[in-house]
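What follows is a short report on a single structure.
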Amino acid sequence: MTGLDLDGVTDASVTISSAKVVTTDVFAPYCEARGTIAPANTIVMRLPVNGWTQRYVQTGCGGLCGSANINYGQASTCPVVKDGTVASATTDMGHQGLNDGSWALNNPQAQIDFAYRSVHVTSQVAKVVIGRFYGKRPAYSYFTGCSDGGREALMEAQRYPADFDGIAAGAPANNMVVQNTFHHAWNVLTNKGADGDYILLADKLPVIHQAVLDACDALDGLKDGLLDDPRQCDFDPKTLVCEAGQAPSNCLTEAQAGVVQRLHDGATDAKGRKLEPEIAHEWGSELEWTLFVPARQGQTVASENFVTSFTRYLAHTNAPDPDFRLSDLEFTVDSFWRTVQSSSYLAALDPDLSAFAKSGGKLLLWHGWNDQHISPQGTLAYYDALREAVGAKKADSFAKLYLFPGVAHCGGGEGPNTFDVLTPVMAWTETATRPGKITASNITNGTVTRTRPVFPYPKVARYDGMGSVDDASNFVAHTPHTKPDADAYDWVGERLFSSDYQTWCKVVDGSLVCRPKLTWLTQRAA
């Protein structure tokens, strides 16, 4: 393995530095190979020693990556993954170490690798190594990832449509620049008073959550602690404002109620113009808001770290600002267009997947309704843009969307949060079996306590009135008659969900040079 000649496999040199057979704490033994695709893309591969089914599964990674670890996520219960009969690989996205974005400073090639190159070259190398190892290349190639892994998945479908036969893209950070600037900054700043203190602290989140459930839990016909479509919930935080004589622990001040509403609605400028898709955090997800609502004064929340890490080193092309502070971000339309210029290579919002469809590709998009990091509204907006770009009938032939009630970012949350997104993609790819229901489970101490079916959007699960409400077999598919207001997609950056501004970049004299140089996006910043 370490002596393989891989010259010409991809656009740079490849070195396999180590290979060993792993037999401890695994279902089936595999050869683990590690190497580098120049300049600094770490690749890790697992090649089953016995019983390979001629399938290849590449996994994505989260955050700003920087480490290479095969993580199947919500594909880990897929039978052929569990029994170790798939070959697999992953990459660290072209850099190692810290997740604070500093790796991008004076390293434009690492930025290109992180944007889109690393996943592609990893797929090229892994497939050739697999062919050398087994004497035959994969019959089917799949990609599964969540969060940034979901962005990576969509980037592959958009830029390299022939790399994978089937893709599962979860909670995609495909609107990456807006997500890591205005969205997360709003999470923090809209909760700060004039004195710099937080207005809302985490001890109020259970109170808010219970009030939301009291108002909306029964809208889907079943009081079970879950909202099957939070967009149907018309909750007003002002109903929680303290009345005379009421214990303050059970209610909110007017200022706190205002914060709750603004956190739900999302970032705006001073005139109320939306700087991200409306509904930044769905009703019902309040218990997950500890990502940005602190337990105490003086605490630095995760949302702030996301913004500073990204904006200092990645947001502005060839213009790092290591001294950037959250308060430096201006919530104006002009600032918005200046900030999102790097979306031309970092975002994965191109909805025209006709080339992916032509190659026979299948796409399963999925998102948890209670996601505290990335709003499911972005995934809904992308799915709608995809259907408009290629036509609804064609889109239905190769793309499906699943929305999981009560599920937080990539998993967790109060809803049934363990499920298999890869098996339906494989069945669709290999036998033309269209995806139907996916059964999700709550598992406590190894015991399944609740199961629920999730159907392709826009269908939802409805209790049939018979048997346990914790048994998926007692639910049927239902298509709601009312559709949520499409105004959620009417925001300043809605044109980012289009196909006419993406660029390809290279390093010239130590800087990123991206082509085409002139697009409608660059003109907006002029």
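If you read the sequence shown in my numbering, its first letter stands for residue 9, the second for the next number, and so on.
In this text, a Cβ means the ideal position worked out from N, Cα and C, and glycines have one as well.
Near residue i, which residues of its chain fall below 6 Å by C-beta distance, leaving aside the five closest residues on each side in sequence?
| i | result |
| --- | --- |
| residue 478 | 458 |
| residue 450 | 424, 457, 458 |
| residue 362 | 398 |
| residue 364 | 165, 169 |
| residue 219 | 248 |
| residue 263 | 207 |
| residue 139 | 145 |
| residue 337 | 193 |
| residue 270 | 198 |
| residue 480 | 447, 459, 460, 461 |
| residue 294 | 213, 216, 217 |
Quick test of your reading: residue i and residue j, contact by CB under 8 Å. State the CB separation rounded to the nearest angstrom.
| i | j | result |
| --- | --- | --- |
| residue 407 | residue 359 | Going by Cβ atoms, the distance from residue 407 to residue 359 rounds to 10 Å, so no, they are not a contact pair. |
| residue 54 | residue 96 | 5 Å |
| residue 137 | residue 160 | Not really, about 20 Å apart at Cβ, beyond 8 Å. |
| residue 47 | residue 117 | 6 Å |
| residue 22 | residue 94 | Not really, about 22 Å apart at Cβ, beyond 8 Å. |
| residue 370 | residue 436 | 5 Å |
| residue 344 | residue 500 | 6 Å |
Using DSSP with H/G/I as helix, E/B as strand and the rest coil, what is residue i?
| i | result |
| --- | --- |
| residue 461 | strand |
| residue 80 | coil |
| residue 312 | helix |
| residue 374 | strand |
| residue 168 | coil |
| residue 216 | helix |
| residue 151 | strand |
| residue 529 | helix |
| residue 291 | coil |
| residue 248 | helix |
| residue 158 | helix |
| residue 106 | coil |
| residue 28 | strand |
| residue 130 | helix |
| residue 522 | strand |
| residue 182 | coil |
| residue 434 | helix |
| residue 455 | strand |
| residue 8 | Lying outside 9 to 534, the shown extent of the chain, residue 8 is not represented and no answer is given. |
| residue 442 | coil |
| residue 468 | strand |
Return the chain-ordered list of same chain residues with a C-beta closer than 8 Å to the C-beta of residue i, the five sequence neighbours on each side being excluded.
| i | result |
| --- | --- |
| residue 25 | 10, 42, 43, 44 |
| residue 120 | 102, 353, 513, 514, 515, 520 |
| residue 311 | 192, 193, 195, 196, 299, 300 |
| residue 291 | 220, 224, 235, 238, 241, 243, 272 |
| residue 61 | 88, 93, 94 |
Using C-beta distances below 7 Å, list every residue in its chain close to residue i, excluding the 5 sequence neighbours before and after it, in chain order.
| i | result |
| --- | --- |
| residue 197 | 334 |
| residue 355 | 182, 183, 184, 185, 504 |
| residue 265 | 245, 246, 248, 249 |
At a cut-off of 8 Å, would you count residue i as near the ligand ATP, judging by its Cβ distance to the nearest heavy atom?
| i | result |
| --- | --- |
| residue 31 | As presented, the structure is devoid of all ligands, the ligand ATP included, so that no description of it is given. |
Contact between the stretch 68 to 86 and the stretch 425 to 444 is defined here as three or more beta-carbon pairs at a separation below 8 Å; is this criterion met? yes
Quick check: the stretch 66 to 78 against the stretch 93 to 113, are at least 3 beta-carbon pairs closer than 8 Å? yes
How do the stretch 207 to 227 and the stretch 368 to 381 stand: do at least 3 beta-carbon pairs fall below 8 Å, yes or no? no
The stretch 54 to 66 in contact with the stretch 144 to 160 per 3-pair CB rule at 8 Å: yes
Taking only runs of the alpha helix (DSSP H) that begin and end inside the stretch 390 to 424, which ones reach a length of at least 4 residues, in chain order? Unbroken alpha helix (DSSP H) runs of no fewer than 4 residues, entirely contained in the stretch 390 to 424, are found at 400 to 406, following chain order.
Can you give, in chain order, each stretch of the alpha helix (DSSP H) that sits fully within the stretch 304 to 366 and has at least 4 residues? 310 to 321, 341 to 347, 351 to 354, 362 to 366
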